[in-house]
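Numbering (our numbering), first residue to last: 2 to 494. Encoded as structure tokens, the structure appears first; notes follow it.
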């Protein structure tokens with residue numbers, strides 16, 4: 002977070018030096034009181050549509066400018082605690098406090114509370130309905146705000162309070178990988194060290210290590226524990242601390258298809274939602290948290306063997322190895338793909354060290370780890386080829402077929418939504434370990450039929466032809482393996 006006082010050359014308000022074009026602010030009061038402030042170098046800065054300047058001031062914890070902003074137009078002071086119950090403006094007023102907590106702007110947060118709580122009894126707790134200020138700060142790992150709120154319990158927060166989703170502050174701090182939802186951190190917002198520090202701080206203040214999320218709207222669904230959330234990303238030391246504090250290593254949570262790609266679909270209509278129950282180890286494998294995997298296996302309990310925990314499938318027949326072979330990539334920046342591939346490879350290698358015979362285990366859909374890895378990672382150029390090489394070196398049989406009669410050479414070319422080039426080394430690797438360019442799946446498709454759907458795969462198409470794929474072979478829809486368009490592209494190379 003940017004400090005409150007920056008050098009003049011680094012002013013965060015450069016984009017506010019032009020006057021607003023619109024006469025009216027569609028997101029708030031009209032600009033009948035134009036707000037113009039003086040930046041540190043004496044330059045005038047102006048509020049824009051949507052209170053963008055106000056948002057920037059809060060983001061940069063700029064108490065000095067915020068005081069001047071309120072002095073010009075006091076209507077923007079969020080007198081949340083003066084609103085009647087169920088007032089429709091409550092969330093809009095509260096959002097300024099949440100924004101300060103989210104950004105770690107402790108000075109602004111303290112100022113807002115001082116402005117708006119003067120009329121309250123000093124002993125009256127300050128709360129914001131169903132959203133907990135402490136949870137917001139913990140979710141974004143704003144250690145300074147969390148510390149201050151804890152030091153001022155129970156006035157502004159209580160460490161055991163739950164928000165409307167059933168999360169305590171500790172569970173909120175552990176819940177890093179909920180991308181894509183409004184108000185949730187993006188990948189760039191995450192600082193793992195700060196999140197660990199936040200969780201340790203909460204535990205130091207008495208947070209419950211064995212806590213489980215308890216939503217009020219769906220009490221029957223198996224929900225995350227703090228451990229199952231933490232296992233996805235945290236260090237072995239923090240995970241061990243939770244276990245020492247009473248967290249259940251074997252607690253299971255319902256994981257849906259929006260988290261885990263390619264769940265068991267055999268005999269199910271295409272749009273039927275699927276969930277499987279999984280414990281913290283499966284989730285540590287899914288997110289390639291090697292330290293978490295090792296700690297969870299080491300702390301499995303005396304009544305369990307290593308084979309018990311790494312060789313026991315979920316209800317879809319998938320092992321932790323299968324979960325590691327489909328680690329989600331959607332929110333990983335492209336610049337970090339090679340680094341992520343390294344973590345996944347190390348996790349898979351550790352699982353195979355624990356139980357070498359799992360390498361060719363097929364789940365209820367008939368998929369091996371190699372099926373999942375080729376489909377999920379294959380369209381990323383060279384980045385994930387070392388994973389395929391590892392699996393093959395440890396005995397993966399590329400001739401094995403899933404329930405659709407697909408070999409890993411078929412799944413290598415299956416659409417995954419982020420299609421990029423395929424490393425032809427991977428094609429050669431699979432062929433050398435049992436797959437054939439002439440293998441036919443249940444739809445009559447050879448790998449060539451699938452590969453020719455995308456021009457990104459043109460080098461792989463050429464290699465399949467070298468390995469004996471028949472360009473004239475037809476599938477059950479009577480489609481030839483090599484369409485004329487791809488044939489033209491091959492001829493123009």
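For every residue, glycine included, the Cβ atom is placed at its ideal position computed from N, Cα and C.
Query, Result
"As assigned by DSSP and simplified to three states, the class of residue 240", "helix"
"Assumed close pair residue 300, residue 310 - CB separation to whole angstroms, cut-off 8 Å", "So it is not a contact: roughly 10 Å between Cβ atoms."
"Span of the beta strand (DSSP E) around residue 45", "45 to 47"
"Same chain only: Cβ atoms within 6 Å of residue 176, ignoring 5 sequence neighbours per side", "230"
"Where residue 173 falls: helix, strand or coil (DSSP)", "helix"
"Residue range of the unbroken beta strand (DSSP E) whose run includes residue 432", "Where residue 432 is concerned, there is no enclosing beta strand (DSSP E), although the alpha helix (DSSP H) it sits in stretches over 425 to 433."
"Environment of residue 389 [buried if 16+ CB atoms lie within 10 Å]", "buried"
"Exposure label - residue 130; buried when at least 16 CB within 10 Å", "exposed"
"Sufficient close CB pairs (3 or more, under 8 Å) joining the region 445 to 457 to the region 469 to 476", "yes"
"Nearest neighbour of residue 290, chosen from 318, 306, 246 and 239 [CA to CA]", "239"
"Where residue 129 sits in the DSSP three-state scheme", "strand"
"Counterpart residues of residue 475 in DSSP-defined beta bridges", "481"
"With 16 other Cβ atoms within 10 Å as the buried cut-off, status of residue 424", "buried"
"Alpha carbon of residue 91 to alpha carbon of residue 76, nearest angstrom", "14 Å"
"Proximal residues to residue 137 (C-beta, below 7 Å), its chain only, five neighbours per side dropped", "99, 102 and 103"
"Spatial neighbours of residue 248 in its chain, beta-carbon cut-off 6 Å, leaving aside the 5 residues before and after", "210, 211 and 228"
"7 Å Cβ cutoff met for residue 469 and residue 426", "no"
"Same chain only: Cβ atoms within 6 Å of residue 73, ignoring 5 sequence neighbours per side", "36"
"Nearest-angstrom Cα separation, counted from residue 147 out to residue 96", "17 Å"
"Neighbourhood of residue 173 by C-beta, 6 Å cutoff - its chain only, sequence neighbours within 5 removed", "136, 139 and 140"
"For residue 462: DSSP bridge partner residues", "Answer is none; residue 462 lacks a bridge partner."
"Counted within 10 angstroms of its Cβ, other Cβ atoms place residue 18 as buried (16 or more) or exposed", "exposed"
"Residue 292 to residue 236 span [Cα, whole Å]", "6 Å"
"Rounded distance between the beta-carbons of residue 117 and residue 81, thought under 8 Å", "6 Å"
"Which listed residue (431, 417, 422 and 416) has its alpha carbon closest to that of residue 409", "431"
"Start-to-end residues for the alpha helix (DSSP H) that takes in residue 325", "321 to 325"
"Proximity below 7 Å, CB of residue 567 to CB of residue 384", "The chain is shown from 2 up to 494; residue 567 falls before or after that span and cannot be answered."
"Of the listed residues 222, 258, 105 and 436, nearest to residue 1 (C-alpha basis)", "The structure shown has nothing for residue 1, since the chain only spans 2 to 494."
"For residue 382, the residue or residues it bridges with in DSSP", "423"
"With 16 other Cβ atoms within 10 Å as the buried cut-off, status of residue 443", "exposed"
"Environment of residue 324 [buried if 16+ CB atoms lie within 10 Å]", "buried"
"Start and end residues, alpha helix (DSSP H) containing residue 208", "Segment: none, residue 208 is in no alpha helix (DSSP H) and carries neither H nor E."
"Cβ pair count under 8 Å reaching 3, the region 194 to 201 against the region 150 to 162", "no"
"Cβ-heavy atom distance, residue 44 to the ligand SAH, below 6 Å", "Ligands displayed in this structure: none; no statement on the ligand SAH is therefore possible."
"Cβ neighbour criterion (16 or more within 10 Å) applied to residue 87", "exposed"
"Exposed unless 16 or more other CB atoms sit within 10 angstroms - verdict on residue 380", "buried"
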